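Residue numbers (the UniProt record's numbering): 1 to 176. The structure under discussion appears below in the form of structure tokens.
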Amino acid sequence: MMKLFQKLKEPRVLLLLVVAAAACGFGGLAILSQVSANPAFCASCHNMQPEYDSYAQGDLLAKKHADAGVTCHDCHEPTLLQQMKEGWLFVTGNYENPMPKYGYTNAQCLSCHSFDEIKQATAHYGKESPHDPVHLAGNENPQNCMDCHSMHHPQSAKKCTACHGVSWKLDASWEK
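Now the structure itself:
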């Protein structure tokens, strides 16, 4: 046993052990990266199940993204530090349930969706269109894509009624 410890102190053996440990670590991270890219991996934390269900089935916007081949990490781009923190919170049971809504910027949505195409597709609504310039940045109450297009939760008319009042009627297609 003593000879084994003496061998471990030799620089070549020590270097070999460090290289082997690093290779295992990087290999493990590469595997974890591939596994975590699968949306079902996100559901392995039980507090993520409702979000995964809205992605895998149902009629919310998340399902439309799933059908288009968009995965969780295409929109949610957590850093390694965030992933470690979330893992720690889950393991210790110190997490929020239900999960807080993730805040997206318009720039994130527009990195895939062309605003010109969106405006063209909704032009028939005229001034009623939420994509009309009156609703956008530079105005008193600018709109965020997520105000109307909620991914994992039912949509809310709260943003609309802030300006239009509760008696304002939404177009029937908005509720689908």
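Backbone N, C-alpha and C fix where the C-beta goes; we use that ideal spot for every residue, glycine too. As the structure is a prediction and not an experimental result, all values here were calculated from the model.
From the options, residue whose alpha carbon lies closest to that of residue i
i           : options          : result
residue 156 : 164, 147 and 163 : 147
residue 159 : 144, 38 and 79   : 144
residue 100 : 165, 153 and 10  : 153
Beta-carbon contacts of residue i that lie in its chain and below 7 Å, excluding the five residues immediately before and after
i          : result
residue 95 : 47 and 89
residue 54 : 60, 62, 63 and 152
Simplified DSSP state of residue i, which is helix, strand or coil
i           : result
residue 72  : helix
residue 183 : This structure does not reach residue 183, given that the chain is present from 1 up to 176, and the question cannot be answered.
residue 35  : helix
residue 144 : coil
residue 11  : helix
residue 169 : coil
residue 6   : helix
residue 49  : helix
residue 153 : coil
residue 133 : helix
residue 22  : helix
Proximity of residue i and residue j at Cβ, strictly below 8 Å
i           : j           : result
residue 73  : residue 37  : yes
residue 35  : residue 26  : no
residue 43  : residue 49  : yes
residue 76  : residue 52  : no
residue 71  : residue 98  : no
residue 129 : residue 123 : yes
residue 119 : residue 131 : yes
Residues of its chain near residue i, where Cβ-Cβ distance is below 8 Å and the 5 sequence neighbours each way are ignored
i           : result
residue 176 : Residue confidence for residue 176 is low, a pLDDT of 48 falling below 50, so the modelled location carries little weight and cannot support an answer.
Residues of its chain near residue i, where Cβ-Cβ distance is below 6 Å and the 5 sequence neighbours each way are ignored
i          : result
residue 83 : none
Can you check the stretch 55-115 for any beta strand (DSSP E) of at least 3 residues that lies completely inside it and give the ranges in chain order?
none
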